[in-house]
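Numbering (our numbering), first residue to last: 79 to 417.
First the structure, in the form of C-alpha cells, and then the observations on it.
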Ligand SMILES: [Zn+2]
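This is how it looks when you write it as C-alpha cells:
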C-alpha cells in the first residue's frame, strides 16, 4: 500500500510523510476512522513509507524488498493485534488477517469477525496479547530499524490488557512505533488514549466509499442481478442468454454505470475466487446470494475469476474511450463464454 493508493486524506498523508522525512516520529499514533473508513490502509502506507529503502517524492517506491514485505504483511518487525475470541491470540490468525487485508484493506469490523469465524461473539484483546507484544518488542528489530505494532480496535482491550501495555507506551524503547486504529476513541482506556497522538481520518467521499464498498451502491441489486444472469448463462453453456446479458450491459443508462458494473463484477469475481480457494469465510458474501456464489465456484473453471477479472478491467477502461458499447460488451461476453 502506497500513499498514492489512499483515498481522500491528503492532509494526513502529508503530515505522516513529514514525520518520517524529519525523523520526528511519535511513539504512538491513534487513527480515528469510521468503520471501513481506511485506518488500516493509512497505517500500512505509513509503515511502508517508513521502511522503504527507496522513498521518492513523498511516497514509498512500492518495489524494494522492504515495501514488498510490508505490503504482504510479512515484515518481521511489524506486529498486528486485533480482537479475537476469548484468550486466543491474533498471531494464530495471521493467515486470515492477511487474506482479509489483501482482499479489501478498507474492511469493516464485521468483515474481520467473519474472517475469524467469531460473528456474534465478543472479540477482545486479552492480557496475553499485550504480554506477547511486550516480549516481541524486548527483542531487537530483526532488520535493525523500527519495530512497529499495529493495534486494530484498541477499544477492545480490557483493563488488564491495557495496563500490561501501558509501560511500553509510557516509556517506549527507542525506534518503537505503535499505530492504533479505533472506531470508538471514547471507549479506549484513558491511560492508552492519553499517550497517543490523534489523527481523525475524514469520512470517505460518497464516490470513494462506493468504490471500496460496492455492495452499498444503490445500483448493487441491479448489478448483481445482471451479473448473476451472465454467470448462470455461462455455466449452462447458453450462448443466447450470454449474448443477452451483454446487451443488457450495453443498455445500462450511462458510461459511468457501465464502468461501475464492471467494478462490481470484479468484486463478485473475487468472491468466486475466494470460495474456490476455500476462503469463503472472508469473501463477504451476503446471505441471500450464498447459493449463487457456491454454485458459481463449483461450476466455473478455476481460471475463470482471474481471466474474467482481466477482461472486465479492460472493458472498464474501454468504456471511457470512444468505442461502440454494443460491440464492446458483446466482445466481452464472447470472451467470457470461451474461458
Ligand atoms: Zn520501497
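Each residue gets a CB set at the ideal place from its N, CA and C atoms; glycine is no exception.
What number of angstroms, rounded off, separates the C-alpha of residue i from the C-alpha of residue j?
| i | j | result |
| --- | --- | --- |
| residue 293 | residue 230 | 23 Å |
| residue 345 | residue 371 | 12 Å |
| residue 251 | residue 242 | 15 Å |
| residue 146 | residue 319 | 43 Å |
| residue 136 | residue 245 | 33 Å |
| residue 378 | residue 387 | 13 Å |
| residue 168 | residue 415 | 42 Å |
| residue 361 | residue 130 | 31 Å |
| residue 393 | residue 399 | 10 Å |
| residue 200 | residue 295 | 29 Å |
| residue 127 | residue 138 | 5 Å |
| residue 122 | residue 79 | 6 Å |
| residue 258 | residue 310 | 44 Å |
| residue 366 | residue 186 | 20 Å |
| residue 329 | residue 340 | 14 Å |
| residue 119 | residue 184 | 7 Å |
| residue 216 | residue 225 | 10 Å |
| residue 140 | residue 333 | 32 Å |
| residue 265 | residue 240 | 12 Å |
| residue 81 | residue 103 | 17 Å |
Is residue i buried or exposed, if buried means 16 or more other CB atoms sit within 10 Å of its CB?
| i | result |
| --- | --- |
| residue 203 | buried |
| residue 303 | exposed |
| residue 325 | exposed |
| residue 208 | buried |
| residue 182 | buried |
| residue 275 | exposed |
| residue 401 | exposed |
| residue 338 | buried |
| residue 134 | exposed |
| residue 144 | buried |
| residue 220 | exposed |
| residue 174 | buried |
| residue 195 | exposed |
| residue 117 | buried |
| residue 101 | exposed |
Check each candidate in the options and name the one with the smallest Cα separation from residue i.
| i | options | result |
| --- | --- | --- |
| residue 261 | 110, 103, 91 and 89 | 110 |
| residue 83 | 142, 255, 124 and 99 | 124 |
| residue 263 | 234, 180 and 144 | 234 |
| residue 317 | 408, 287 and 367 | 408 |
| residue 223 | 397, 98, 340 and 382 | 98 |
| residue 267 | 277, 238 and 287 | 238 |
| residue 327 | 364, 148, 212 and 410 | 410 |
| residue 160 | 178, 150 and 336 | 178 |
Answer yes or no: does any C-beta atom of chain B fall closer than 8 Å to that of residue i?
| i | result |
| --- | --- |
| residue 380 | In the structure shown, chain B cannot be found, because there is only a single protein chain. |
- Message: Closer than 8 Å is the cut-off here; do at least three beta carbon pairs connect the stretch 168-180 with the stretch 331-349?
- Response: At 8 Å Cβ cutoff, the stretches do not touch.
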